[in-house]
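As structure tokens, the structure follows; a few thoughts come after it.
Residue numbers (the numbering used here): 52 to 341.
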């Protein structure tokens, strides 16, 4: 790439700043929690169409992916009305060079208590040169970035010389079945880029996820004599401490996978949810931790 082209590209990207920010704010405004992704996906379908891409939208079919490596049981069984959106660029002439997949997930994690937010999590706010709102970094900004990069090339009268497949997928935060469904549907390319918020670092591997539920049964007793019971909630803490020891061992340099040798702490155990007990004056006889 010559300096003149790079300069023109930077200028074009800079000129698109306001459009880029507005696009991101619009996506954040569609609170695409698990099972509620369709509003944001409609925006993506419209955007891909406006970019002149061939647009395909499809629901995930469990029968197509349930026997594939990487499949996870869905958290919400029904995928109806939760489409994946794919935009395909095909060059006007014979394809040359490498084809590329640009993949991003549209779903976001829960907001927690909205009263703890400075602004509503689904009302994007621009402050100090940054956009705030649930899903801005993870990973609607990445989706916006690859769209605007493509549009910048178009404004310069250029096009990728090979196929580019842009994917906006559902259900990454808990399973990854959205991206898996794209593979099952036959989308292939020579390379793929997933613009997750990794501090501007290139990663060539990513850890998977394992969700565990542990159910404990103790022994109930009146609060007058707690020693007569076995506190299931307190026992769950002890179990998680043992899991912490496993986490520490797995993260030792000699136990890391070679692709994570430079990562200080690749494996993380998280006690994300605890449920148990009947009321405050009884030693709890059962609890569950996730």
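Ideal Cβ positions, reconstructed from N, Cα and C, are used throughout, including at glycine.
On a predicted model such as this, the values are computed, not experimentally measured, just so you know.
In the DSSP output, what is residue 377 paired with across the bridge? Residue 377 cannot be examined here, being either before or after the span of the chain that is shown, 52 to 341.
Quick check: what's the CA-CA separation for residue 192 versus residue 338? The residue given as residue 192 occupies position 141 in the chain shown. The residue given as residue 338 occupies position 287 in the chain shown. Distance between the alpha carbons of residue 192 and residue 338: 39 Å.
Buried or exposed (CB count within 10 angstroms, at least 16 for buried), residue 99: For the purposes of this step, residue 99 is taken as the residue at position 48 of the chain shown. Residue 99 comes out buried.
Mind checking whether residue 157 and residue 243 have CB atoms under 8 Å apart? Taking the first residue of the chain shown as position 1, residue 157 is located at position 106. Taking the first residue of the chain shown as position 1, residue 243 is located at position 192. Contact flag unset, no.
Within its chain, find whatever has a CB closer than 8 Å to the CB of residue 299; leave out the 5 residues flanking it on each side and keep chain order. Position 248 of the chain shown, counted from the start, is the residue given in the question as residue 299. Nothing meets the Cβ criterion.
If you run the structure through DSSP and keep just helix, strand and coil, what is residue 32? What is shown of the chain runs 52 to 341, which leaves residue 32 out entirely.
Ordered along the chain, which non-local residues of its own chain (more than five positions away) have a Cβ less than 6 Å from that of residue 218? Here residue 218 refers to the residue found at position 167 when the chain shown is read from its first residue. Closer than 6 Å at Cβ, skipping near neighbours: 137, 154, 233.
Pick helix, strand or coil for residue 157, following the three-state DSSP scheme. Counted from its first residue, the chain shown places residue 157 at position 106. In the structure shown, residue 157 sits in coil (DSSP, three-state: anything other than H, G, I, E or B).
Could you check the C-alpha separation between residue 336 and residue 295 for me, to the nearest Å? Position 285 of the chain shown, counting from 1, holds the residue named residue 336. Position 244 of the chain shown, counting from 1, holds the residue named residue 295. Cα to Cα, residue 336 sits roughly 24 Å from residue 295.
Backbone secondary structure at residue 131 - three-state DSSP: On the chain shown, position 80 is the one that residue 131 refers to. Three-state DSSP puts residue 131 in coil, outside helix and strand.
Residue interval of the alpha helix (DSSP H) (run including residue 116): Position 65 of the chain shown, counted from the start, is the residue given in the question as residue 116. That run of the alpha helix (DSSP H) goes 113-116.
How would you write the range of the alpha helix (DSSP H) that residue 286 sits in, first residue to last? What you label residue 286 is simply residue 235 of the chain shown in a count that begins at 1. Run containing residue 286: 283-301, per the alpha helix (DSSP H) assignment.
Cβ neighbour criterion (16 or more within 10 Å) applied to residue 277: As a working note, residue 277 is residue 226 in the chain shown. Only exposed fits residue 277, as fewer than 16 other CB atoms lie within 10 angstroms of its CB.
Alpha carbon to alpha carbon, how far is residue 208 from residue 63? If you number the chain shown from 1, residue 208 lands on position 157. If you number the chain shown from 1, residue 63 lands on position 12. Residue 208 and residue 63: Cα-Cα distance of roughly 12 Å.
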